[in-house]
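In the working numbering, the protein residues as written are 325 to 621. Note that CB positions come from ideal geometry on N, CA and C, so glycine has one too. What follows is one structure encoded as C-alpha cells, with my remarks underneath.
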Amino acid sequence: VRYQHDDLMAENDNSPALLLDMIKTVLSEGVVLVDGVPDALEGIPNEDDAAGKLRTFITHTLGGLQKDPTRAEPNWKIVHKPNSSSISYDPIKRLNQHTDSSIPPHGIPALLLSMHYVKGYGANTLTDGFEVARVLQAEDPEGYELLTKYGYDGERDFAASRIDSTQSIAKGLVINRRHPIFVHDENGKLTMLQYNEVFRMPSTLPFDLFPQWHRAFSRFCELIHSEEYQRTVPMEAGTILLMNNWRVLHGRAGGRASPDRHLVGGTILRESVYSRAMQLARYLKKEKEQEKFGKEE
325 VRYQHDDLMA
335 ENDNSPALLL
345 DMIKTVLSEG
355 VVLVDGVPDA
365 LEGIPNEDDA
375 AGKLRTFITH
385 TLGGLQKDPT
395 RAEPNWKIVH
405 KPNSSSISYD
415 PIKRLNQHTD
425 SSIPPHGIPA
435 LLLSMHYVKG
445 YGANTLTDGF
455 EVARVLQAED
465 PEGYELLTKY
475 GYDGERDFAA
485 SRIDSTQSIA
495 KGLVINRRHP
505 IFVHDENGKL
515 TMLQYNEVFR
525 MPSTLPFDLF
535 PQWHRAFSRF
545 CELIHSEEYQ
555 RTVPMEAGTI
565 LLMNNWRVLH
575 GRAGGRASPD
585 RHLVGGTILR
595 ESVYSRAMQL
605 ARYLKKEKEQ
615 EKFGKEE
C-alpha cells in the first residue's frame, strides 16, 4: 500500500483518518511505502543532517523514533564505505533477511522500522515471517516448537557492529541472550519474530536436541530467502519504507544499489505507535459525536 508524504503531513479534516488508516495498514499488512518525500538534502549544510525529514515525519505520524543509547541521534545512517568490515555498508553484497533490534538495547524489539532513501537507489528484500512460520509449523511441528522454545544464542556489541558507521558510537554496551525466533502470546497466537544471523553465537542447546533443532532452523533460513516468500522492492530517493518489524524480515539485494546510496532510518517502539493510534482514534470519535449531537457552545 502506498501513501503520499504531503497527504500524511497535511493539517486538515481528512488527516487524522488517513494517519490512522496508515497505522492500521502497516500493522495488519506488514509494509507501507510513502512517496513524494521532499528532498532531504535541500537547505542543509551537509549530509550529516539528512535525517531531519524522516525524524519530522515519524514524530508526526507515529510518535517519534526510538532513542538509541549508544549515539546522539535517534536515527542510523548508512552510506557506502569501500572495504567495510560490516556488510551493512557494502551494498555490492547481499544482506540476508533479518529483523531489526533482534537483540534490543533495552526492553523488547521495536515494533516498526522506518527507512528513507536520502540519495541514490537500491533494492530491499522483504519476507512475511508469519507466513513462513505457518509453513514451517505445518511441515515440522516438533522442529517449530524447538525454535519457539529455545530459539538461538545471540550477542551484540553495539559499537563493534557499527564500526563502519560515520556516526559517533559510544562503546561499552554488549548484550548476550538466548531468545526464541517465534514468540507467542498466552493464547498461543504468534505475535513476533526476532532473528538476525549476524549476531548468532555458538549454540548452548542440549546435544540431543541439536540435530532436530538444526534441521528446523536450516529450513527456516531456506524459506525466508526462497523466491516463493521473498519479495524485492526497488527503492529510490524520496521514498520512505515502513514495516512491521515483529512480522516482516528485510534485507538487501546485492549489486543493485547506486554508489551514492545514502540511507537513514530508525525504529519505533510499540508504545509510541499505540499511543499515536489512540490519540487519533479518540479525536475521530469525538469529531463523530460532535457531528451527531452538535458542537458545544
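- The criterion of a C-beta distance shorter than 8 Å is not satisfied by residue 443 and residue 574.
- Restricted to the stretch 383 to 470, the alpha helix (DSSP H) segments that are unbroken, complete and at least 4 residues in length are 453 to 463, listed in chain order.
- Put simply, the backbone Cα of residue 593 is about 32 Å away from that of residue 583.
- The stretch 468 to 486 makes contact with the stretch 521 to 529: 3 or more CB pairs, one atom from each, lie closer than 8 Å.
- Boundaries for residue 349: no beta strand (DSSP E) harbours it, while the alpha helix (DSSP H) harbouring it runs 339 to 353, taken from the DSSP string.
- Per the Cβ contact rule, the stretch 457 to 475 is in contact with the stretch 537 to 545 (3 or more Cβ pairs under 8 Å).
- Here residue 531 is exposed. Its C-beta has fewer than 16 other C-beta atoms within 10 Å.
- In the three-state reduction of the DSSP assignment, residue 479 falls in the strand class.
- If only complete runs of 3 or more residues are kept, the stretch 476 to 548 shows the beta strand (DSSP E) at 476 to 481, 498 to 503, 506 to 508 and 514 to 517, in order along the chain.
- Going by DSSP, residue 587 is part of no alpha helix (DSSP H) but of the beta strand (DSSP E) stretching over 586 to 592.
- Note that the C-beta distance between residue 419 and residue 555 is not below 8 Å.
- Around residue 497, the same chain offers 394 and 482 as residues with beta carbons nearer than 6 Å, after the five sequence neighbours per side are excluded.
- Note on geometry: alpha-carbon atoms of residue 458 and residue 614 lie some 45 Å from one another.
- Residue 425 places its beta carbon less than 8 Å from that of residue 434.
- For residue 611, the secondary structure class from DSSP, reduced to helix, strand or coil, is helix.
- Nearest Cα to residue 562 within the set 445, 569 and 385: 445.
- Counting every other CB atom within 10 Å of its CB across the protein chains shown gives residue 401 a total of 16 or more, marking it as buried.
- As DSSP reads the structure, residue 556 sits in a beta bridge with 449.
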